[in-house]
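Colleague: A single structure is presented below for examination.
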Amino acid sequence: MSQPDYVFCPYCGVQLEPHTILHQVRPGCPRCGFVHFHNPKVAVVGQIEQDGRILLVRRGINPGKGLWAMPGGYMDAGELPEDALRRELSEEVGLEVSISELVQIYPLVSRSPVSQGIVLVYRASPLVPDAPLIAQDDVEEAHWFTPATLPVDLAFASTRELLDRWVARQNTKVS
Ligand SMILES: [Zn+2]
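Those letters in the sequence shown? Residues 1400 to 1574, per this note's numbering, in order.
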């Protein structure tokens, strides 16, 4: 099961039954017609760059507790992805950022091997150069890394892939 599932209708408390709705079997309420759609989650991640360095955070929560990843989090209802990323950066490391472009879209793999949604990765940079980093919220540490000082204990396969490509791009710039 990729997500916690409703057993009872959240509106009228009747036990849900499998209904085939819009080409899939979904839990539905026989009394009020409520249908439980497994809507995908959206997470945003920042590839934050400054002067040949990249920002990584050591995660204080699972998945990947104690390991290094790019900062980010889940989008809230009512937000656009860029707003969510700016909010997460402010909450996690006290940094205001300017977002330049969407870099990549990954499947969201968390506690379940089945993708629960998507991760949008944006390239961004600090609004104020060399602004101090304040690790807080669900982040234990935050540091700038050069290609030579990158940590090896990374939280996600996608972190490795993004860093490999970032390092390759830095090498291209130098030569
Ligand atoms: Zn109902």
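Beta carbons: idealized from backbone N, C-alpha and C, even for Gly.
1) Let me check one thing: in DSSP terms, what residues is residue 1473 bridge-paired to?
2) Could you spell out the range, first to last residue, of the beta strand (DSSP E) harbouring residue 1501?
3) If I measure Cβ to Cβ from residue 1440 and keep anything under 7 Å in the same chain, skipping five residues before and after, which residues do I get?
4) What do you get for residue 1558, buried or exposed, if any count of 16 or more other CB atoms within 10 angstroms of its CB means buried?
5) Counting beta carbon pairs with one atom in the stretch 1526-1546 and one in the stretch 1437-1456, are three or more of them shorter than 8 Å?
6) Counting Cβ pairs closer than 8 Å, one from the stretch 1478-1485 and one from the stretch 1559-1574, do we hit at least three?
7) If I'm right that residue 1503 touches residue 1415 with Cβ under 8 Å, what's the distance once you round it to whole angstroms?
Modeller: Result, derived from the coordinates:
1) 1442
2) 1496-1506
3) 1473, 1507, 1515, 1516
4) buried
5) yes
6) no
7) Contact doesn't hold; Cβ gap of about 36 Å is too wide.
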